[in-house]
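*Asks:* Below: one structure in structure tokens.
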Amino acid sequence: MIDLDKTFTIQLVNFLITVVGLNALLIHPVREKIKERNKLMADQLGAIEDFTSNADEKLKGYEQALDGARQQGLELRKQLRAEGSGEEQQIMAVAGKEVAATMKANQDAIAAQVAGAKQALSADVEKFAQKATAKILGKA
């Protein structure tokens, strides 16, 4: 059997002092550091999640603004094309009318010159015919 004498109490007191000393000097400070580290990690993880969610929100906002700007650009482009097409048709119509008027004026001027030349030459036709006849008959 086990004899419980005074060495047992000394060993028990020695063991308890060692446990209390280790707890005070080693275990308690290590546990505190682990708690601080866990708290720091939790805080940093929360900050990272907040930063990530803010970045995602900003990215979504940026993409929405970019899509809106693209849509406005497309609408503006369509509007400007429609306006440009209308202006082009007006300019082409005016240019067509101007070309037609210029062509008519030129045709009238040419017709007048032809008529003037015919009239001038018709008076001289008789003279030219007599000269040509005289040359032909004179050589024969």
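Read in order, the letters of the sequence shown correspond to residues 1 to 140 in our numbering.
Cβ coordinates follow ideal geometry from the N, Cα and C atoms, glycine included.
Output the residue ranges of the beta strand (DSSP E) runs that lie fully inside the region 10-47 and measure 3 residues or longer, sorted by chain position.
*Replies:* Segments of the beta strand (DSSP E) lying fully in the region 10-47: there are none.
*Asks:* Excluding the 5 residues flanking K194 on each side, which residues of the same chain have their C-beta closer than 8 Å to its C-beta?
*Replies:* Because the chain is modelled from 1 through 140, residue 194 falls outside the range shown and cannot be assessed.
*Asks:* Taking only the alpha-carbon atoms, compute the straight-line gap between A24 and V30 and give it to the nearest angstrom.
*Replies:* Here residue 24 corresponds to residue number 24 of the sequence shown, with the count starting at 1. Here residue 30 corresponds to residue number 30 of the sequence shown, with the count starting at 1. Whole-angstrom Cα-Cα distance: 10 Å.
*Asks:* Within the 8 Å Cβ cut-off, does L76 reach chain C?
*Replies:* Given the protein chain composition of this structure (a single chain), no chain C is represented.
*Asks:* Expressed to the nearest angstrom, what Euclidean distance is found between the alpha-carbon atoms of D3 and K35?
*Replies:* Walking along the sequence shown from the start, residue 3 turns up at place 3. Walking along the sequence shown from the start, residue 35 turns up at place 35. Cα to Cα, the separation comes out at about 44 Å.
*Asks:* With H, G and I counted as helix, E and B as strand and the rest as coil, what does DSSP make of L4?
*Replies:* To locate residue 4, count along the sequence shown from 1; it is residue 4. Here L4 sits in coil by DSSP.
*Asks:* Just the C-alpha distance for Q146 and M92, rounded to the nearest angstrom, thanks.
*Replies:* Missing from the structure shown is residue 146; the chain here goes from 1 to 140 and no further.
*Asks:* How many angstroms separate the CA atom of R77 from the CA atom of K60?
*Replies:* Stepping through the sequence shown from its first residue, residue 77 is reached at position 77. Stepping through the sequence shown from its first residue, residue 60 is reached at position 60. Rounded to the nearest angstrom, the two C-alpha atoms are 25 Å apart.
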